[in-house]
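Step one of this worksheet: look at the structure below.
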Amino acid sequence: MPRTPLSGSARLALYPLHIGAPEDGLCEVGRAETGVFIALPIEGVALVEWLGQGMPLAEVGVCFEDAFGIAPELDEFLEGLWECGFIKSINGTPTATTAAGQPARGWRLFASLPAERLGWLLSRPCLIAYRAIWVALAVVLITRPGLWPHARDTLVVSGVILNAVIVALLAWTMVFLHELAHLLAARARGAIGALSLSRRMYFLVAQTDMSGVRALPRAERYAPYLAGMTLEAGVLLGCLGLRWAGAGGGLPALLAYIVTIQLLFQCAIFLRTDLYFVLTNRLRAGSLAADTTQVLRAYGRRVRGAPAIDLSHIPQRERRLVHWYLPFYAAGIAAAVVDLALFVVPAVVTMCRRALHELTTAGPLRQAEAAAFLAIVTFNLGSVAVIALWQHLGGRRRARTTA
Numbered sequence: 001m002p003r004t005p006l007s008g009s010a011r012l013a014l015y016p017l018h019i020g021a022p023e024d025g026l027c028e029v030g031r032a033e034t035g036v037f038i039a040l041p042i043e044g045v046a047l048v049e050w051l052g053q054g055m056p057l058a059e060v061g062v063c064f065e066d067a068f069g070i071a072p073e074l075d076e077f078l079e080g081l082w083e084c085g086f087i088k089s090i091n092g093t094p095t096a097t098t099a100a101g102q103p104a105r106g107w108r109l110f111a112s113l114p115a116e117r118l119g120w121l122l123s124r125p126c127l128i129a130y131r132a133i134w135v136a137l138a139v140v141l142i143t144r145p146g147l148w149p150h151a152r153d154t155l156v157v158s159g160v161i162l163n164a165v166i167v168a169l170l171a172w173t174m175v176f177l178h179e180l181a182h183l184l185a186a187r188a189r190g191a192i193g194a195l196s197l198s199r200r201m202y203f204l205v206a207q208t209d210m211s212g213v214r215a216l217p218r219a220e221r222y223a224p225y226l227a228g229m230t231l232e233a234g235v236l237l238g239c240l241g242l243r244w245a246g247a248g249g250g251l252p253a254l255l256a257y258i259v260t261i262q263l264l265f266q267c268a269i270f271l272r273t274d275l276y277f278v279l280t281n282r283l284r285a286g287s288l289a290a291d292t293t294q295v296l297r298a299y300g301r302r303v304r305g306a307p308a309i310d311l312s313h314i315p316q317r318e319r320r321l322v323h324w325y326l327p328f329y330a331a332g333i334a335a336a337v338v339d340l341a342l343f344v345v346p347a348v349v350t351m352c353r354r355a356l357h358e359l360t361t362a363g364p365l366r367q368a369e370a371a372a373f374l375a376i377v378t379f380n381l382g383s384v385a386v387i388a389l390w391q392h393l394g395g396r397r398r399a400r401t402t403a
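Just so you know, the UniProt record's numbering puts 337 at position 337 of the sequence shown, and the rest follows in order with no gaps.
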């Protein structure tokens with residue numbers, strides 16, 4: 001934005017913006033291609049609509065005052081629109097692109113594929129089938145506990161290095177299939193997602209930016225959000241069915257174990273997993289994770305007797321939602337602990353025990369392979385510990401700086 005205030009004759013051109021239906025006096029306004037959405041009251045929506053018509057700023061101010069009885073604070077409002085990347089040009093001159101105005105980074109797969117060609121994926125018969133998968137999986141897990149995956153399922157071949165490679169390949173294959181399911185479901189709804197690599201806490205993950213889904217009615221967002229988990233539920237159900245039929249050993253058993261870990265991971269909503277977005281969509285909360293972090297920090301400082309954190313920027317409704325959300329936050333932490341304690345750690349221990357056994361009893365080649373595997377595991381665990389310590393110390397330094 002120009003440093004000097006714009007004149008009353010200035011005209012702005014906005015990018016095409018989605019304006020959602022009013023909910024609790026607020027409307028979601030944003031650019032689907034960048035995934036930037038904000039919640040505006042009716043007064044703000046009116047300003048956006050008048051600006052989008054190319055009206056001079058002076059005329060916009062007059063219309064606002066006639067409609068609402070007060071003069072608008074246009075300079076501050078326009079600054080906010082510019083920071084969100086909503087302003088395309090001022091008096092015909094293109095504006096500098098802000099970071100928020102950039103499209104989501106990543107591979108925009110299926111973006112050129114017409115949504116009509118994928119619509120069948122979310123047709124009524126398919127949606128019924130997806131629900132049936134979840135019901136059948138729940139029934140099998142409750143009534144057939146003997147079919148549950150076990151850590152021994154991670155051992156599919158005798159060589160520990162080859163076994164680890166197979167585990168990694170299957171795990172990453174399922175990760176990318178999970179994300180592709182998101183992309184396909186989003187495209188079937190007419191939205192576009194972007195696939196990228198990132199990390200959650202200390203672990204490398206693939207993720208899909210589906211911010212553009214927010215341009216859809218809330219009821220239509222659940223299918224894209226749950227598409228990845230539904231795919232995994234179907235795979236797990238199939239693997240358990242093979243085990244029940246007596247043909248579920250080897251790779252199907254390993255696949256069931258991997259998918260179980262991935263499904264439990266999605267319950268860790270404090271990491272902004274799929275279920276987090278389902279919950280925020282249901283609660284109509286835009287920044288629940290950030291608000292919860294601020295509230296928890298405020299609690300922590302209050303307990304320590306440190307200076308309080310100003311929470312006045314969080315709307316009252318959002319603060320009430322945070323208190324309602326905290327039990328789910330705690331349950332997500334519990335799910336992550338269960339996932340690690342009952343599945344991830346036992347799998348690593350099982351493979352390490354196999355390696356230690358071969359290190360002491362096998363021939364030279366197998367001993368070298370076992371030693372290499374143990375070295376890789378030690379390096380990875382050490383890297384996680386170093387990153388965790390580095391982030392912890394960095395957080396303490398920032399806390400001292402801002403205190």
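We put the beta carbon where it would ideally sit given N, CA and C, even for glycine.
Quick caveat: nothing in here was measured; it's all calculated off a predicted structure.
{"Check": "Quick check on the DSSP output: what are the complete alpha helix (DSSP H) runs of length 4 or more inside the segment 55-112, in order along the chain?", "Outcome": "57-68 and 74-83"}
{"Check": "What is the DSSP secondary structure of C27, reduced to helix, strand or coil?", "Outcome": "strand"}
{"Check": "In chain order, what residues of the same chain lie with their CB nearer than 8 Å to the CB of E49, ignoring the 5 residues before and after it?", "Outcome": "I19"}
{"Check": "Drop a sphere of 10 angstroms on the beta-carbon of R353, count the other beta-carbons inside from all chains shown, and report buried for 16 or more, exposed for fewer.", "Outcome": "exposed"}
{"Check": "Spatial neighbours of A67 within its chain, please: C-beta separation below 7 Å, excluding the five flanking residues on both sides.", "Outcome": "A46"}
{"Check": "Nearest by alpha-carbon distance to V60: which of I87, L26, F110 and S9 is it?", "Outcome": "S9"}
{"Check": "Just tell me which of A39, L57, S158 and L12 has its CA closest to the CA of G92.", "Outcome": "L12"}
{"Check": "If you follow the alpha helix (DSSP H) that V344 is in, where does it begin and where does it stop?", "Outcome": "No alpha helix (DSSP H) holds V344; DSSP gives it neither H nor E."}
{"Check": "For T34, is the classification buried or exposed, using 16 other Cβ atoms within 10 angstroms of its Cβ as the cut-off for buried?", "Outcome": "buried"}
{"Check": "Identify which residue in A247, Y325 and D291 has its Cα closest to the Cα of H313.", "Outcome": "D291"}
{"Check": "Just to confirm my understanding: we take V278, look at its own chain, exclude 5 residues before and 5 after, and list those with CB closer than 8 Å. What are they?", "Outcome": "Y222, Y225 and L226"}
{"Check": "Just verifying my parser: in three-state terms, what is the DSSP assignment at S383?", "Outcome": "helix"}
{"Check": "What is the C-beta distance between G234 and H182, in whole angstroms, given that I count them as a contact (C-beta under 8 Å)?", "Outcome": "About 15 Å separates the two Cβ atoms, so there is no contact after all."}
{"Check": "Short check: CB of R319 to CB of D24, under 8 Å?", "Outcome": "no"}
{"Check": "How should S211 be labelled, buried or exposed, when 16 other C-beta atoms within 10 angstroms of its C-beta is the threshold for buried?", "Outcome": "buried"}
{"Check": "To the nearest angstrom, how far is the alpha carbon of L242 from that of T95?", "Outcome": "59 Å"}
{"Check": "Inspect the beta-carbon positions of P364 and A151 and report whether they are closer than 8 Å.", "Outcome": "no"}
{"Check": "Of the choices R189, A168 and A132, whose alpha-carbon is the least far from that of I114?", "Outcome": "Per the sequence presented here, residue 114 reads as Pro, with Ile not at that position. Considering only alpha carbons, the answer is R189."}
{"Check": "Per DSSP, what are the beta-bridge partners of Q207 in this structure?", "Outcome": "S196"}
{"Check": "Please determine if the segment 261-277 and the segment 327-340 are in contact, where contact requires at least 3 C-beta pairs separated by less than 8 Å.", "Outcome": "yes"}
{"Check": "Return the CA-CA distance between H323 and L374, expressed in angstroms with no decimal places.", "Outcome": "44 Å"}
{"Check": "Output the boundary residues of the beta strand (DSSP E) element that contains F37.", "Outcome": "V36 to P41"}
{"Check": "For F176, is the classification buried or exposed, using 16 other Cβ atoms within 10 angstroms of its Cβ as the cut-off for buried?", "Outcome": "exposed"}
{"Check": "With DSSP as the reference, identify every bridge partner of I19, one or two as the case may be.", "Outcome": "V29"}
{"Check": "For V36 and R282, what's the separation of their Cα atoms in angstroms?", "Outcome": "19 Å"}
{"Check": "Three-state secondary structure (DSSP) at L12?", "Outcome": "strand"}
{"Check": "For D310, name the three-state secondary structure that DSSP assigns.", "Outcome": "coil"}
{"Check": "Identify, in the order they occur along the chain, each residue of the same chain with its Cβ nearer than 6 Å to the Cβ of A370, setting aside the five sequence neighbours on each side.", "Outcome": "V160, A355, E358 and L359"}
{"Check": "Is the segment 135-149 touching the segment 242-254 in the sense that three or more CB pairs, one from each, lie closer than 8 Å?", "Outcome": "yes"}
{"Check": "For C267, does the three-state DSSP call read helix, strand or coil?", "Outcome": "coil"}
{"Check": "Exposed or buried, which one is D75 when buried takes at least 16 other CB atoms within 10 Å?", "Outcome": "exposed"}
{"Check": "Straight-line CA distance for W390 to S383?", "Outcome": "10 Å"}
{"Check": "Can you list, in chain order, the residues of its chain whose CB lies under 8 Å from that of T402, leaving out five sequence neighbours each side?", "Outcome": "In this predicted model, T402 has a pLDDT of only 46, less than 50, meaning its place in the structure is not dependable enough to derive any value."}
{"Check": "What residues in its chain sit with their C-beta under 8 Å from that of V157, if we drop five residues either side in the sequence?", "Outcome": "N163 and I166"}
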